[in-house]
Amino acid sequence: MAKIKVIIVDDHELILAGMEKMLTGINDIELIAGVSSGYTLLEIIKTITPDVILMDIDMPEISGLETSKIVKEVNAQIKIIALTVHDEISMVKKARSSGMDGYLLKNVNQDELVNAIQQVHKGKTAYSREITEQLLAEKENPSSESVLVEITEREKEVIQFIASGFSNTQIGEKLHISPRTVDTHRTNIMKKIGAKNVASIVRYAIQNNLV
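In my numbering, the protein residues as written are -5 to 205.
Structure, rendered in structure tokens:
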């Protein structure tokens, strides 16, 4: 069974070293790089494709949020987990909108870290316990803006084209991405909004003023 290839991105040396230590020796995980900036990561993924990226949000030069958006443009199949000290839901929403698939606080233990990597690799989401509790609380008292918050800007564009009747190939040409990447976006969109078919996506687009 192939190991899950992981890259860690954090400008704090001690955090980077600590995370690397936690992942060393885990049977199904291969740590392929630990880097201190988003720009370094973007250079690496030109030649190496990780399965999962653990990424700090607050970094100099380019933030984890901006880096996440670019990574997803390059390859939407790469999974990204935020690794941060921010426990406020507003930041979780920004992370989701940037394309991140999970959100961990830096006080995470080894078991939680490994489990999160395994979960996002399977196409699921993963959050620190504290974040999960806040998300559940908000779900019970939803705000009017929470409907769209999980949909990234790129996904909104894909929804608009789907609702207008474009095929994956046509959408790919419009957005300068491959049909396979479009299909990945389509799958993620359907999971997020609970859509069973194109009609459901169209209905969602109309209800949320995307068309």
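Note that the Cβ used here is the ideal one computed from N, Cα and C, for glycine as well.
Cβ neighbours of residue 182 within its own chain (closer than 7 Å, five residues either side excluded): 149. When secondary structure is reduced to three states using DSSP, residue 24 falls in the strand class. Two segments are said to touch when three or more pairs of C-beta atoms, one from each, lie closer than 8 Å; by this definition the stretch 160 to 178 touches the stretch 54 to 74. Just so you know, the alpha carbons of residue 194 and residue 19 end up roughly 45 Å apart. In the three-state scheme derived from DSSP, where H, G and I count as helix and E and B as strand, residue 190 is classed as coil. Annotation for residue 11: the continuous alpha helix (DSSP H) segment containing it runs 7 to 17.
For residue 102, no beta strand (DSSP E) run applies, since DSSP gives it neither H nor E.
Cβ-Cβ distances below 6 Å link residue 30 to 5 in the same chain, with the five nearest sequence neighbours on each side left out; the list follows chain order. The criterion of a C-beta distance shorter than 8 Å is not satisfied by residue 62 and residue 99. When secondary structure is reduced to three states using DSSP, residue 86 falls in the helix class. Burial is judged here by how many other beta carbons sit within 10 angstroms of a residue's own beta carbon; residue 145 has at least 16 and is buried.
The Cβ atoms of residue 76 and residue 56 lie no closer than 8 Å to each other.
Scanning 97, 115, 170, 11 for the CA closest to the CA of residue 81 turns up 97. Residue state for residue 75 is assigned as strand, using DSSP reduced to three classes. Apart from the 5 residues on each side of it in sequence, residue 43 sits with its Cβ closer than 8 Å to the Cβ of -1, 69, 72 in its chain, given in chain order. Residue 48: member of the beta strand (DSSP E) spanning 46 to 50, first to last residue.
For residue 16, the number of other beta carbons within 10 angstroms of its own is at least 16, and it is reported as buried.
Per DSSP, residue 196 has no beta bridge partner at all. Beta-carbon to beta-carbon, residue 35 and residue 3 are separated by about 5 Å, close enough to satisfy the 8 Å threshold. If the five residues before and after residue 64 are omitted, its C-beta is found closer than 7 Å to the C-beta atoms of 36, all from its own chain and listed in chain order. Taking 8 Å as the cut-off, the Cβ atoms of residue 119 and residue 95 count as close. Non-local C-beta neighbours of residue 9 in its own chain, meaning closer than 7 Å and more than five positions away in sequence, comprise 100, ordered along the chain.
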